[in-house]
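A.B. asks: Sharing a structure, written as structure tokens. Questions coming.
Numbering (the numbering used here), first residue to last: 195 to 470.
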């Protein structure tokens, strides 16, 4: 299968605007870009968010790491990813800065910020995050685009932050590799099977709250005569799909059952169109 190519046209932009992309809040928000629209430089992820009760479209592991840290932040109330910028304003900023506006095949693009975050913090009720790998800063064009974006949000009076690998705890990346490397593409998982496993683990976690998750999995395999590692495989699938959420900055090997917070079964039935 050939790699998906990004495409751009005014007709596409108008259609996306009519579809409501870049509009709404919470569960009604639609990102400007989805994982199907652009080729990702790394792994892309569709992740269900327990704050917004919708699926988020994340274009790299670094975006995923940032997203999971934001979800665990108690003050965060909403996360909008791939948020489009007003093209009239970005064009004006480019003219003032004397730089070329981002375009593709002769059509000016709608620039986007990775995250617009709402919070309960009085000093920063809304802030913006752009995620970039350290190596991307070797590109002069990347620096220009960041300058445009920074000016944009400054004019909006909204704090703007850059996040690189340096701001992400090492444990977070270790957890992501543990959860997302062991089973390939989790989007291929059967939703009805995942719900069945979710309900089984839900009962086990409730009755073994002080046990380490790894120890519980060993116990389940032994009790039900399963192949060693089968339960660990299943819980990783559930964690990767966000049926349970936890503090991603805590090492997986240290997690106890009480550290896992279950999502609503009804939410996943609705999200994945699985009959009750």
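Yeah, the Cβ is synthetic: ideal placement off N, Cα and C, and Gly gets one too.
Which residue marks the beginning of the beta strand (DSSP E) containing residue 274, and which one marks its end?
C.D. replies: Start and end: 270-278.
A.B. asks: If you check the beta carbons only, do residue 298 and residue 404 fall under 8 Å apart?
C.D. replies: The criterion of a C-beta distance shorter than 8 Å is not satisfied by residue 298 and residue 404.
A.B. asks: Put residue 401 into one of helix, strand or coil per three-state DSSP.
C.D. replies: helix
A.B. asks: Go ahead and label residue 278 buried or exposed: buried means 16 or more other beta carbons lie within 10 angstroms of its beta carbon, across all protein chains shown.
C.D. replies: buried
A.B. asks: DSSP has residue 392 in a bridge; who is on the other side?
C.D. replies: Per DSSP, residue 392 has no beta-bridge partner at all.
A.B. asks: For residue 321, does the three-state DSSP call read helix, strand or coil?
C.D. replies: strand
A.B. asks: If we call anything under 8 Å between Cβ atoms a contact, is residue 213 one with residue 250?
C.D. replies: no
A.B. asks: Out of 221, 321, 322 and 343, which has the shortest C-alpha to C-alpha gap to residue 304?
C.D. replies: 343
A.B. asks: For the stretch 226-272, which segments carrying the alpha helix (DSSP H) assignment without a break, of at least 4 residues, lie completely within its bounds, in sequence order?
C.D. replies: 255-266
A.B. asks: Can you find at least 3 beta carbon pairs, one from the stretch 279-290 and one from the stretch 384-402, that sit closer than 8 Å?
C.D. replies: Output reads no: the stretch 384-402 does not touch the stretch 279-290.
A.B. asks: Throw me the rounded Cβ distance for the residue 442 and residue 366 pair, which I believe falls under 8 Å.
C.D. replies: 5 Å
A.B. asks: Skipping 5 residues on each side, what residues in its chain have a beta carbon closer than 7 Å to that of residue 259?
C.D. replies: 362, 366, 367 and 370
A.B. asks: Buried or exposed for residue 225, going by 16 or more other Cβ atoms inside 10 Å?
C.D. replies: buried
A.B. asks: Could you give the residue range of the beta strand (DSSP E) that holds residue 357?
C.D. replies: Taken as a continuous stretch (DSSP letters only), the beta strand (DSSP E) holding residue 357 covers 354-357.
A.B. asks: Taking Cβ to Cβ, would you say residue 269 is nearer than 8 Å to residue 247?
C.D. replies: No, they are not a contact pair.
A.B. asks: With a Cβ-Cβ cutoff of 8 Å, do residue 454 and residue 399 count as a contact?
C.D. replies: yes
A.B. asks: Answer yes if the stretch 424-439 comes into contact with the stretch 228-243, meaning at least three C-beta pairs across the two stretches below 8 Å, and no otherwise.
C.D. replies: yes
A.B. asks: What's the gap between the Cα of residue 388 and the Cα of residue 205?
C.D. replies: 39 Å
A.B. asks: Compute the distance between the beta-carbons of residue 353 and residue 321, then report whether it is under 8 Å.
C.D. replies: yes
A.B. asks: Rounded to the nearest angstrom, what separates residue 211 and residue 231 at their Cα positions?
C.D. replies: Approximately 15 Å between the Cα atoms of the pair.
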